[in-house]
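Asker: The opening position of the sequence shown corresponds to residue 1 in the working numbering, with each subsequent residue numbered one higher.
I'd like to ask some things about the structure below.
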Amino acid sequence: MELPNATMWMVRAEWEGTVLHHFLNEGIAYLGWGETGVIHPETTKEELSARVERANPGYKGVGNATRCIWEFCREVQEGDTVVTYDPQQRLYHVGVVKSDADYGTGIWVDPATMDECEVPRYVRKVDWGPTISRDRLSPAAQRYLGRPPTHFRLPDEVSEEIRRLCA
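Right under this line is the structure:
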């Protein structure tokens, strides 16, 4: 698969990869926080932040959650590349975004019980392609990709390394 020379994003399939099979089998990537509701074109970042706060009283990561939702729904574009991680296999899965963000319900795994349940979420269709062993990445790329949060833009040098390994 030829990866476009476009923006590259990390989208985690939960911290332990608990929903990775949904990502790969359904050809999607998704972000939780769906209890904040639909992001309309007129929705401002400030309004979204207030929704995150209302839905999660006392939560200390409101700013980070707002940024993740905003980027996933507004900044990721069709044709961008996404990367997700399988910690059990130590593999990065790489794909190309094929849709705008959509709001709906889907499967989520409760980390406390490992039970699957339906929750509101933001989802994009993805054409998943190559995989890369974590061990093939440079230590700097491994560190960058291993950091929180669940969604973030990759710097050019990490993106280029991933493209080179997928070629």
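The beta carbon of each residue, even a glycine, is placed where N, CA and C say it ideally should be.
In whole angstroms, give me the CA-to-CA distance for T44 and E53.
Answerer: Near 14 angstroms, if we compare the C-alpha coordinates of E53 and T44.
Asker: Which residues in the same chain have their Cβ closer than 8 angstroms to the Cβ of P111, if we skip the five residues on either side of it in sequence?
Answerer: Hits under 8 angstroms: E14, W15, E16 and T18.
Asker: Which of the three DSSP states is assigned to P70 in this structure?
Answerer: Checking the displayed sequence, the identity of residue 70 turns out to be Trp instead of Pro. Residue state, collapsed to three classes: helix.
Asker: By how many angstroms is the C-alpha of G129 removed from the C-alpha of D80?
Answerer: Taking the straight line from one Cα to the other gives about 13 angstroms.
Asker: Grouping DSSP H, G and I as helix and E and B as strand, with all else coil, what is G17?
Answerer: Three-state result, G17: coil.
Asker: Whose CA, out of R164, R121, V123 and W33, lies closest to the CA of A141?
Answerer: Measuring from the Cα of A141, the nearest candidate turns out to be R164.
Asker: Just to check my reading of the structure: C166 and M1 have Cβ atoms closer than 8 angstroms, yes? What is that Cβ distance to the nearest angstrom?
Answerer: The pair is a contact, with the Cβ atoms about 7 angstroms apart (cut-off 8 angstroms).
Asker: Can we say the segment 94-105 touches the segment 22-40, given the rule of at least three CB pairs closer than 8 angstroms?
Answerer: Because the criterion of three Cβ pairs below 8 angstroms is met, the segment 94-105 and the segment 22-40 touch.
Asker: For the putative contact between T131 and E118, defined by C-beta atoms under 8 angstroms, what is the C-beta separation to the nearest angstrom?
Answerer: Rounded, the Cβ-Cβ distance is 28 angstroms, inconsistent with contact.
Asker: Rounded to the nearest angstrom, what separates R134 and V123 at their Cα positions?
Answerer: Going by the C-alpha atoms only, they are around 25 angstroms apart.
Asker: What are the residues that DSSP puts in a beta bridge with A29?
Answerer: DSSP output for A29 lists R124 as bridge partner(s).
Asker: Give me the Cβ distance between I107 and H22, rounded to the nearest whole Å; I'm assuming they're in contact under 8 angstroms.
Answerer: Confirmed, about 5 angstroms.
Asker: Considering just the uninterrupted stretch of the beta strand (DSSP E) at L163, what are its terminal residues?
Answerer: Correcting the residue identity first, residue 163 is Arg in this sequence and not Leu. Counting along the chain, R163 falls outside any beta strand (DSSP E), though it belongs to the alpha helix (DSSP H) covering D156 to C166.
Asker: What residues match up with E107 in a beta bridge as DSSP calls it?
Answerer: One point to set straight first is that residue 107 is Ile, not Glu, in the sequence displayed. DSSP lists E118 as partners of I107.
Asker: In angstroms, rounded to a whole number, what distance separates the CA positions of C68 and A6?
Answerer: For C68 and A6, the distance between alpha carbons rounds to 19 angstroms.
Asker: Report whether the distance from the Cβ of E16 to the nearest heavy atom of the ligand PLP is below 6 angstroms.
Answerer: By its list of ligands, the structure shown contains no ligand whatsoever, and the ligand PLP lies outside what it can speak to.
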